[in-house]
Amino acid sequence: MSDNKSFPILINTNWDAWKLKFRGYCMQHKLAKYPKGCAIPVDEALRADHLDKEEQVAGILHQSIGQINHQRFVTPQNEKKPNLIWALLVGYYKSHLAQNQSVVYLDFCTFPYRGSVSTFIDDLNAGLSRVALVGLIIGQPEKANLKESLLCKIIFNKLPEEYKHLKASLFNQRPITLDLIKAALENKRTGSLSNSQPGD
Numbered sequence: 312m313s314d315n316k317s318f319p320i321l322i323n324t325n326w327d328a329w330k331l332k333f334r335g336y337c338m339q340h341k342l343a344k345y346p347k348g349c350a351i352p353v354d355e356a357l358r359a360d361h362l363d364k365e366e367q368v369a370g371i372l373h374q375s376i377g378q379i380n381h382q383r384f385v386t387p388q389n390e391k392k393p394n395l396i397w398a399l400l401v402g403y404y405k406s407h408l409a410q411n412q413s414v415v416y417l418d419f420c421t422f423p424y425r426g427s428v429s430t431f432i433d434d435l436n437a438g439l440s441r442v443a444l445v446g447l448i449i450g451q452p453e454k455a456n457l458k459e460s461l462l463c464k465i466i467f468n469k470l471p472e473e474y475k476h477l478k479a480s481l482f483n484q485r486p487i488t489l490d491l492i493k494a495a496l497e498n499k500r501t502g503s504l505s506n507s508q509p510g511d
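Below you can see the structure in the form of structure tokens.
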């Protein structure tokens, strides 16, 4: 992967971000079908090419999943079989293990406001998607793992001082929900885009 120096090591990032990079890299190099597995051709020349590409994708996985994951999932039996390694990775990272849920929740709590409402909305939606992906349910305590009002407070605390009027407005609309916050942020983004149009 010398031609893609920014490719992350899985153990140093989150599953969704890494998977997106990995899939994009495979598509870019016409290797996208190999992680999921496909039939080995009967023709000798095609078979040799297929096995070479399988080994290439396995090598990409070896380099990018990190040492801990390598020890977890790669064996002498599957080291050249990217589909087998991929299946183990997907199973592990999509599992509903409490540890995985805790990591995803902590990531959500700690992601910062990064300079613009547009970026913040994208980060917020990505964070909520990851929360859902590991099986955490947001809502009322009797039916959910995460109390919605708690997540709303976490989001409020991320917003900079310039959003104090928006926060005050939302506080008057009890109960505060994620949908309310997201709609208010979308309005803010739309307003920002309108104000930046040339000739306004």
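Using the numbering used here, read the sequence shown as starting at 312 and increasing by one per residue. The beta-carbon is built from N, C-alpha and C at its ideal position, and this holds for glycine as well. For clarity, every value in this text was computed on a predicted model and none was experimentally measured.
It is roughly 8 Å from the alpha-carbon of L447 to the alpha-carbon of A455. Remark: C-beta atoms of I320 and G402 do not approach each other more closely than 8 Å. DSSP lists G450 as the beta-bridge partner residues of K458. The beta carbon of N411 is closer than 6 Å to those of V445 in its chain, skipping five residues each way along the sequence.
Here F333 is buried, its C-beta having at least 16 other C-beta atoms within 10 Å.
Taking a 10 Å sphere around the C-beta of S375, we find 16 or more other C-beta atoms and assign the residue as buried.
The C-beta distance from R425 to D434 rounds to 7 Å, short enough to meet the 8 Å contact threshold. In terms of Cα proximity to N483, the closest of E472, P393, A495 is A495. Taken through DSSP and simplified to helix, strand or coil, S429 comes out as helix. Going by beta carbons, P387 and Y345 fall outside the 8 Å limit. The residue from A356, K478, C337 with its alpha-carbon nearest to that of L491 is K478. Per DSSP, reduced to three states, the secondary structure at V414 is helical. At the C-beta level, V415 and R383 stay beyond 8 Å of one another.
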